[in-house]
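For the sequence shown, numbering that gives the first Met the number 0 assigns the number 0 to the initial residue and increments by one for each residue that follows. What follows is one structure encoded as structure tokens, with my remarks underneath.
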Amino acid sequence: MYILFLFILFGAIAALMVSGVCQTLDNQIILWFENIRLPFINDVMLAVTDFGISALLVPIMLIFSVVLLVYKRYYSIMLLFLLYLTEKTINHELKGLFARERPAFDHLVNETYYSFPSGHSMNAATIYPFIAYLLVEMIPWLKERQKTVYLITGLCVFVIGISRMYIGVHYLTDVIAGFAIGLALFLLCKKIDEKLSGIRQK
């Protein structure tokens with residue numbers, strides 16, 4: 000149900016983006032973030048946004064894979080990297096399909112490829128919830144506090160999305176679309192992992 004809703008949400012956002020209905024709002028949000036910029040906040044947002052880039056995300060995944068090895072969750076390691084590769088491929092293809100140019104405003108970093116959907120937001124919404132889910136499933140102490148774990152993970156993903164707009168490289172619709180597809184992929188992979196866990200226990 001949630002997966003279907005997220006795909007419908009992505010389709011709706013994509014339709015609004017293509018029609019140009021949300022462009023004025025997208026522009027106003029980017030300009031608002033430009034107006035509130037401060038050197039200290041700039042540094043924080045540039046650091047936060049890096050948690051959605053592959054150069055940092057892949058090492059995090061590799062370190063987490065060691066934890067999965069300790070817990071003998073070999074199939075989860077495979078799923079984690081398969082999820083990442085699938086998400087990256089889908090994001091690249093969607094960007095090529097929609098070919099939306101980056102915001103033509105003052106940006107704090109340079110990005111060379113298309114804008115829709117946001118790759119950083121999609122990375123974060125796919126991988127970090129899956130890591131949080133696996134930690135909750137493996138560690139009893141975290142399972143007892145799973146709502147807190149998911150809340151913190153959600154806030155981190157949200158801030159990464161905000162950072163993309165703050166630094167001027169993505170519109171709001173880019174970020175929401177990235178979240179929608181990313182979360183849908185996470186939920187699909189979570190279902191697969193749950194099925195495999197059930198088979199393994201039998």
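Positions of the beta carbon are idealized from the N, C-alpha and C atoms, including for glycine. Just so we're clear, the structure is a prediction, and the values are computed from it rather than from any experiment.
Beta carbon of residue i nearer than 8 Å to that of residue j
| i | j | result |
| --- | --- | --- |
| E86 | M121 | yes |
| F32 | M164 | yes |
| M44 | S117 | no |
| I180 | V47 | no |
| D25 | T172 | yes |
| Y83 | M137 | no |
| K189 | Y132 | yes |
| G167 | I62 | no |
| A195 | F129 | The sequence shown places Leu at residue 195, not Ala. Going by C-beta atoms, L195 is not nearer than 8 Å to F129. |
For residue i, the three-state DSSP class (helix, strand or coil)
| i | result |
| --- | --- |
| Y74 | helix |
| F32 | helix |
| Y113 | coil |
| H224 | The question about residue 224 has no answer here: the residues shown for the chain are numbered 0 through 201. |
| L186 | helix |
| E100 | coil |
| L37 | coil |
Rounded C-alpha distance that separates residue i from residue j
| i | j | result |
| --- | --- | --- |
| A183 | T88 | 15 Å |
| P102 | N109 | 11 Å |
| R72 | E100 | 41 Å |
| T23 | V174 | 16 Å |
| H106 | R36 | 11 Å |
| F178 | C21 | 17 Å |
| K146 | Y1 | 18 Å |
| Y127 | S75 | 14 Å |
Unbroken alpha helix (DSSP H) run spanning residue i, endpoints
| i | result |
| --- | --- |
| M16 | 1-18 |
| C247 | Outside the modelled stretch of the chain, which goes from 0 to 201, sits residue 247, for which no answer is possible. |
| R163 | 145-165 |
| L141 | 139-142 |
| V168 | Careful: V168 lies outside any alpha helix (DSSP H) and carries neither H nor E. |
| D105 | Where D105 is concerned, there is no enclosing alpha helix (DSSP H), given that its DSSP letter is neither H nor E. |
| D49 | Premise fails: D49 is in no alpha helix (DSSP H) and is neither H nor E. |
Nearest to residue i (by Cα), restricted to the options the options
| i | options | result |
| --- | --- | --- |
| F207 | E193, I151, Q27, K190 | Residue 207 lies beyond the residue range present for the chain, which begins at 0 and ends at 201; the question has no answer from this structure. |
| A54 | L68, F39, A123 | A123 |
| F115 | F4, F6, I12 | I12 |
| Y112 | V66, Y132, N90, I126 | N90 |
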